[in-house]
Amino acid sequence: MTASETDIGTFLRARRAAIRPEQVGLPALGRRRVPGLRREELAQLAGVSPDYYIRLEQGRSRNVSDAVLHSVARVLGLDRTEMEHLHNLARPRATGCALRRVRPGVQALLDMMETVPAFVLGRRLDVLAWNALGDAVNGFSSWPAARRNIIQQVFFDPAARTLYPQWETVAAESVAHLQLDAGRHPGDPLLAAMVGELTIGSPEFARMWAAQRVREKSSGVKVLHHPLVGEMEFGYETLAVAGEPDQALVTYTAAPGSPAHEALRLLSSWNAPAPIRTTTP
């Protein structure tokens, strides 16, 4: 059985377990050996035969139709991002070698954004590049070069618990984004090695990974506690890098006059203007 076949089964079983029978109009009669919907119940609600659904959950239905996937997603209550993840797991694409550094023009753009903390994320939440203010806020240059990765920093760096006052939320969102990346790039040996290391080294990661939640981190609010300027609350936006589908430009914004805006002014004045270079592959 391939990794992608295991992934779809793990995802569907986790989502079945999260659905109570009464949520989908079924009576909750008798004791159940496992929580959630049985495979036969989900198949009935989705309008497919139990045998067909079992093959899907076992990763043996590569030619599954959009109609069946939509029916299964409807019963499980999946949102748009989760639906995309299900499609990726059901029809895995060949994964290629992602570029692990940014184009010079992208780095130049980062360096010109002198008043906005900004950085570029790649596959597996690797931090590929940043500007001076992005480094002043997040401390990327102090991270070990081999571990300039958001997910590893969140779970393995003790300072992350202080940096992120809402650590549990940040950790869960990061794991959910990594799940999405895994679905888009099945069979990635580097990702498999990372997940294995995190699962062994962090019970909290193992718990969140087993939940099989997926989420696209496109925008939101980030709260950081900086050792020099204290707590800062930013809005963040994640923008696609044209021509590089596996890279995203992340920017932090603060309302004028807000404590975070004043903190950025202080950090900007304390930092030398020399641009920060990209990491080496």
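In this note's numbering, the protein residues as written are 493 to 773.
Yeah, the Cβ is synthetic: ideal placement off N, Cα and C, and Gly gets one too.
C-alpha gap between residue i and residue j, whole angstroms
i	j	result
I642	A510	28 Å
A764	E606	Its pLDDT being 48, under 50, A764 is placed unreliably by the model, and the measurement read from it follows with that caveat. C-alpha separation (whole angstroms): 11 Å.
W701	V608	32 Å
A755	G631	15 Å
I500	E549	6 Å
T654	S694	17 Å
F503	H718	37 Å
R547	Q704	20 Å
R477	R512	Here the chain covers residues 493 to 773 and nothing more, so residue 477 does not appear.
P636	R572	36 Å
G712	M724	14 Å
Backbone secondary structure at residue i - three-state DSSP
i	result
Y728	strand
A621	strand
K555	The displayed chain sequence assigns Asn, not Lys, to residue 555. In the structure shown, N555 sits in coil (DSSP, three-state: anything other than H, G, I, E or B).
T745	strand
V594	coil
Q550	coil
V662	helix
A610	strand
L716	strand
Residue i - partner residues in DSSP beta bridges
i	result
S711	E729
G736	Gly is not the amino acid found at residue 736; the sequence shown has Glu there. DSSP, once it has assigned bridges, lists V733 as partnering E736.
N641	D618
Candidates the options: closest to residue i by CA position
i	options	result
T730	A610, A559, P748 and A600	A610
G480	L602, R572 and R566	Outside the shown range of the chain, which is 493 to 773, sits residue 480, and nothing can be said about it.
E696	F648, S750, V742 and S634	F648
G517	A559, R640 and Q536	Q536
M604	R592, R616 and L625	L625
V715	E736, I692, A740 and Y744	Y744
Element boundaries [alpha helix (DSSP H), containing residue i]
i	result
Q536	R531 to A538
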